[in-house]
Amino acid sequence: MLGPAAGLLAGRQARGLDVAQFPCHQDADEQQDRKTHAERQRACHVAGLGLAAGAVLHHEIQCRAKAAQDGDERERDQICHGRDYPVTATRRRFWLITLATAAAMAVTSSLGLWQLSRAAQKQALQAATDASKALAALDNAQVAAIDDAAGHLHRPARLQGHWLAQYSVYLDNRQMNGKPGFYVLTPLVLDGSDTVVMVQRGWVQRNFVERERLPPVETPAGVVQVSGRIASAPPRLYEFTGAAPAAGSSAIRQNLDLAAYSAETRLALRPFTVVQTGEASQGLLRDWPEPAAGTGKHYGYAF
Numbered sequence: 151m152l153g154p155a156a157g158l159l160a161g162r163q164a165r166g167l168d169v170a171q172f173p174c175h176q177d178a179d180e181q182q183d184r185k186t187h188a189e190r191q192r193a194c195h196v197a198g199l200g201l202a203a204g205a206v207l208h209h210e211i212q213c214r215a216k217a218a219q220d221g222d223e224r225e226r227d228q229i230c231h232g233r234d235y236p237v238t239a240t241r242r243r244f245w246l247i248t249l250a251t252a253a254a255m256a257v258t259s260s261l262g263l264w265q266l267s268r269a270a271q272k273q274a275l276q277a278a279t280d281a282s283k284a285l286a287a288l289d290n291a292q293v294a295a296i297d298d299a300a301g302h303l304h305r306p307a308r309l310q311g312h313w314l315a316q317y318s319v320y321l322d323n324r325q326m327n328g329k330p331g332f333y334v335l336t337p338l339v340l341d342g343s344d345t346v347v348m349v350q351r352g353w354v355q356r357n358f359v360e361r362e363r364l365p366p367v368e369t370p371a372g373v374v375q376v377s378g379r380i381a382s383a384p385p386r387l388y389e390f391t392g393a394a395p396a397a398g399s400s401a402i403r404q405n406l407d408l409a410a411y412s413a414e415t416r417l418a419l420r421p422f423t424v425v426q427t428g429e430a431s432q433g434l435l436r437d438w439p440e441p442a443a444g445t446g447k448h449y450g451y452a453f
């Protein structure tokens, strides 16, 4: 059996009426259509969101791939540049350091060789000095005949003559055995000629209380025998320009110029001196310092 509603609907259809024309059915259809449309819209939205998300994801993947590709390219560039530029800079530094080292070695080697040559020169000078000391002593005539003392330095001499005590000179600020005092120099007139030789007779300590007082030195009168060696003038010490001899005694001087003193005293002094050797006597010490070759310091500098 059909229900009342079904019967009514069947009756209406039989009468040729369109069910869809009824308002209630139109509303139901519209609701159904809206529901279907909304579902389609939601589906479209979901699809659109899915497409957008996919596009974003695809873009993100592309960006990451691009970044990775760029990173690989930068790494390759760094590797290429690391192979090109740093290696070149390292080589440049290597060659600069090598050249600087070679130049320093050349300079220091040349300085070392120069020091060795200086040591060899002083050794040769010391050998010549020792050879001169071993020669026979010169007499009055041979000493009077010397014009250039350079070839006769350190040669022994045995002289005979008499002192000119009034022309003695006391060179100040000279040391012997670490004590300050005077070098005493006195002219000696050689027998048999008018040749005068200045003799470095020895050292005497000065009076520090009365600095202008001359220390007592014995100067024998008459003929004396003097043994010594040929030497140049005493080494000069620093003095102020125009410095005058000590007041009260012109015999005390800082330095002695043989030519100037010869002109001052009008004595025919030879252009060299004789260093008297032997034991202490006449109030004078004769512990003269021996000239040292000084080769040890040159070997040290060379090393």
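Heads up, the sequence shown is in this note's numbering, so the first residue is 151 and it goes up one at a time.
Note that the Cβ used here is the ideal one computed from N, Cα and C, for glycine as well.
For the putative contact between residue i and residue j, defined by C-beta atoms under 8 angstroms, what is the C-beta separation to the nearest angstrom?
i, j, result
"Leu435", "Gly352", "6 angstroms"
"Gly378", "Gln316", "That belief does not hold up - the Cβ atoms of Gly378 and Gln316 are roughly 21 angstroms apart, past 8 angstroms."
"Asp341", "Gln375", "Actually they do not touch by this definition, with Cβ atoms about 10 angstroms apart."
"Val349", "Val424", "5 angstroms"
"Lys272", "His304", "Rounded, the Cβ-Cβ distance is 15 angstroms, inconsistent with contact."
"Pro385", "Leu406", "Contact doesn't hold; Cβ gap of about 10 angstroms is too wide."
"His448", "Leu266", "7 angstroms"
"Leu288", "Ala307", "5 angstroms"
"Thr445", "Ala269", "4 angstroms"
Per DSSP, residue i is paired with what?
i, result
"Gln426", "Gly378"
"Phe332", "Val354"
"Ser431", "Leu434"
"Met348", "Pro337 and Thr423"
"Ile402", "Tyr320"
Among the options, which one has its Cα closest to the Cα of residue i?
i, options, result
"Ser431", "Pro366, Thr423, Arg242 and Pro384", "Pro366"
"Glu389", "Ser282, Asn323 and Arg416", "Asn323"
"Glu368", "Val354, Ile380, Arg379 and Val359", "Val354"
"Tyr320", "Gly328, Pro370, Ile296 and Arg356", "Arg356"
"Pro337", "Phe453, Thr345 and Leu364", "Thr345"
"Arg416", "Thr423, Leu408 and Ser343", "Leu408"
"Asp298", "Ser343, Ala381, Val376 and Ile402", "Ala381"
"Met326", "Gly433, Gly446, His448 and Pro439", "Pro439"
"Ala452", "Thr240, Arg242, Ala239 and Val257", "Val257"
"Ser343", "Ile296, Ala291 and Val359", "Ala291"
"Ser318", "Ala254, Asp437 and Pro370", "Pro370"
"Phe358", "Ala252, Lys329, Val373 and Glu429", "Lys329"
Does the Cβ of residue i have 16 or more other Cβ atoms within 10 Å, making it buried, or fewer, making it exposed?
i, result
"Trp313", "buried"
"Ala394", "Residue confidence for Ala394 is low, a pLDDT of 46 falling below 50, so the modelled location carries little weight; the figure read from the coordinates is stated next. So Ala394 counts as exposed."
"Val196", "In this prediction, Val196 scores a pLDDT of 43, lower than 50, which makes its location untrustworthy; no coordinate-derived value is stated."
"Gly301", "exposed"
"Ala193", "Confidence at Ala193 is low in this model, with a pLDDT of 47, below 50, so its placement is unreliable and no value can be given for it."
"Gly450", "exposed"
"Ala413", "exposed"
"Leu249", "exposed"
"Phe332", "buried"
"Leu335", "buried"
"Phe244", "exposed"
"Arg363", "exposed"
Discussion item. In chain order, what are the residue ranges of uninterrupted alpha helix (DSSP H) at least 4 long that sit wholly in the region 283 to 341?
Written reply: 290 to 294
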